[in-house]
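Asks: Just passing along the structure, written as structure tokens.
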Amino acid sequence: MYKAHFGLTEVPFGLTPNTQFYHPLVPHFEALQVLTTALAAGEGFIKVTGEVGTGKTLICRKLLNELGDNYVIAYLPNPYLTPNEIRAAIASELGIDASLDQHQLTEALNHRLIALSAEDKQVVLLIDEAQVLPHETLEALRLISNLETESKKLLQVVLFGQPELDTRLQQDNLRQLRQRITFSYQLRPLLANETSSYVEHRLTVSGYRGAPLFEAKALRLLHQASGGIPRLINILANKCLMLSYGENVRNINTKLVKLAIQDTESAIQPRNLRLPIMVAILVIEIIVVIWWFGESIL
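In UniProt numbering, the protein residues as written are 1 to 298.
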């Protein structure tokens with residue numbers, strides 16, 4: 001809708017994780033470094049956690065693109081599965097007939113992992129939204145990962161999840177799995193300067209050329225309202241571009257950012273936007289008290 005107005009080749013602030021827009025800011029770069037180092041070391045379980053919208057899925061997909069030909073990848077984006085279902089899903093990802101009964105499936109999976117290891121291939125299972133994995137399924141994953149040679153694990157598991165995953169792993173009945181996780185990383189929100197760099201990078205990748213679209217004060221307000229969460233930055237920045245297009249202007253000021261914030265329930269409302277509401281509530285309370293006091297006298 002607004003691409004031609006800003007000279008863009010594509011929408012810069014979409015919500016679909018697109019590795020074309022990956023920007024090696026500190027938290028995302030460090031997460032990838034931890035993942036690649038742990039996988040190269042042959043670790044069995046690796047974990048990346050972060051709040052909703054911090055970029056876990058983007059990092060997962062970036063990792064998928066960067067792993068070499070010696071890796072065989074199984075990717076499960078929706079892991080709310082029973083133990084039998086997750087075994088079948090892993091088998092299917094590895095080219096095994098998932099319709100086999102559980103005993104045959106387990107045997108076939110073991111043979112496949114051994115065969116791939118003999119070909120000098122390393123199998124990596126990437127699980128997104130891992131916080132929804134049932135307890136029994138987490139335990140099944142631990143048992144599947146027990147298969148190993150004298151020198152390496154035949155299956156490496158990378159768990160991407162929200163902080164609830166960390167809470168669950170603290171449970172005593174998951175201590176064996178918790179002890180298997182030797183590498184982990186927790187994604188933090190972006191800092192103010194990282195938010196500015198993030199916005200500018202996505203605009204550049206989208207084909208924008210010209211003077212900065214967002215004023216410095218507008219970027220500071222955008223960071224404040226988003227809390228440095230990339231998904232929320234995208235939502236607000238996209239609305240800012242739409243508002244700018246609607247007003248037929250080519251720069252984003254604090255006025256437009258405030259309008260975008262007011263239209264976004266999940267945004268952190270700045271104090272100067274909350275103040276009129278608080279004053280209105282206070283006035284109403286005073287009126288009620290005066291009315292009640294007057295009635296009680298009468």
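C-beta: ideal position from N, C-alpha, C; glycine also.
Return the bridge partner residues of S184 from the DSSP annotation.
Replies: Per DSSP, K47.
Asks: Just the Cα atoms here: how many angstroms apart are P17 and L203?
Replies: Rounded to whole angstroms, P17 to L203 spans 15 Å at the Cα level.
Asks: Near E164, what residues of its chain come up, given a Cβ to Cβ distance below 6 Å and the 5 sequence neighbours on each side ignored?
Replies: Same-chain partners within the cutoff: Q131.
Asks: Based on Cα-Cα distance, which residue from E43, N238, L126 lies nearest to C60?
Replies: Of the candidates E43, N238, L126, the one whose C-alpha sits nearest the C-alpha of C60 is L126.
Asks: For A88, which residues does DSSP report across the bridge?
Replies: Beta-bridge pairing links A88 to no other residue.
Asks: Tell me, please, which residues DSSP counts as bridged to Y71.
Replies: In DSSP, Y71 forms a bridge with Q122.
Asks: Considering Cα atoms alone, identify which of S226, G161, Q179, N173 is closest to S196.
Replies: The residue with the shortest Cα to Cα distance from S196 is S226.
Asks: Would you call N234 buried or exposed, if buried means 16 or more other Cβ atoms sit within 10 Å of its Cβ?
Replies: Counting Cβ neighbours within 10 Å, N234 comes out buried, since at least 16 surround it.
Asks: Could you have a look at I127 and say whether DSSP puts it in helix, strand or coil?
Replies: Strand, per DSSP.
Asks: Could you tell me the alpha carbon to alpha carbon distance between P270 and T254, rounded to whole angstroms?
Replies: If I take the Cα positions, the gap works out to 11 Å.
Asks: Express the C-alpha separation of V158 and P83 in angstroms, rounding to a whole number.
Replies: Answer to the nearest angstrom: the Cα atoms are 17 Å apart.
Asks: As a quick exercise: from G50, R112, Y71, pick the residue whose alpha carbon is nearest that of A91.
Replies: The option with the nearest alpha carbon to A91 is R112.
Asks: Alpha carbon to alpha carbon, how far is A31 from A74? Give it in angstroms, no decimals.
Replies: Whole-angstrom Cα-Cα distance: 20 Å.
Asks: Quick one, which of Q170, L232, P189 has its alpha-carbon nearest I181's?
Replies: That would be Q170, whose Cα lies nearest to the Cα of I181.
Asks: Using only CA atoms, which one of Q122, H103, A260 lies nearest to K152?
Replies: Ranking Q122, H103, A260 by Cα distance to K152 puts Q122 first.
Asks: Residue range of the alpha helix (DSSP H) that Q262 falls in?
Replies: Looking at the DSSP string, the run of the alpha helix (DSSP H) that includes Q262 is 254 to 262.
Asks: Would you call the segment 214 to 221 and the segment 243 to 261 in contact, with 3 or more CB pairs under 8 Å?
Replies: Output reads yes: the segment 243 to 261 touches the segment 214 to 221.
Asks: Would you mind listing the beta strand (DSSP E) stretches within the segment 154 to 236 that are 3+ residues and don't spill past its ends, in chain order?
Replies: Runs of the beta strand (DSSP E) inside the segment 154 to 236: 155 to 161, 181 to 186.
Asks: Measure the alpha-carbon distance for S99 versus N146 and round it to whole angstroms.
Replies: Whole-angstrom Cα-Cα distance: 23 Å.
Asks: State the Cα-Cα distance for the pair Y185 and K47, rounded to the nearest angstrom.
Replies: Their backbone Cα atoms lie some 6 Å apart in a straight line.
Asks: Going by alpha carbons, who is nearest to T37 out of L67, P230, T49?
Replies: The shortest C-alpha separation from T37 is found at L67.
Asks: Does F13 pass the burial test, meaning 16 or more other C-beta atoms within 10 Å, or should it be called exposed?
Replies: Buried is the call here.
Asks: Could you name the residues of the same chain whose beta carbon sits closer than 6 Å to that of G50, not counting the 5 residues immediately before and after it, in chain order?
Replies: K56, L187.
Asks: Closer than 7 Å by C-beta to Q176: which residues in its own chain qualify, once you throw out the five before and the five after it? Chain order, please.
Replies: R142.
Asks: Exposed or buried, what is F29 when buried is set at 16 or more other beta-carbons lying within 10 Å of its beta-carbon?
Replies: By the neighbour-count rule (16 or more Cβ atoms within 10 Å), F29 is not buried but exposed.
Asks: Cβ of A88 within 8 Å of Cβ of L105?
Replies: It is a contact, given that the beta carbons lie within the stated cut-off.
Asks: Determine the DSSP secondary structure at E66, reduced to helix, strand or coil.
Replies: The answer is helix: DSSP assigns E66 an H, G or I state.
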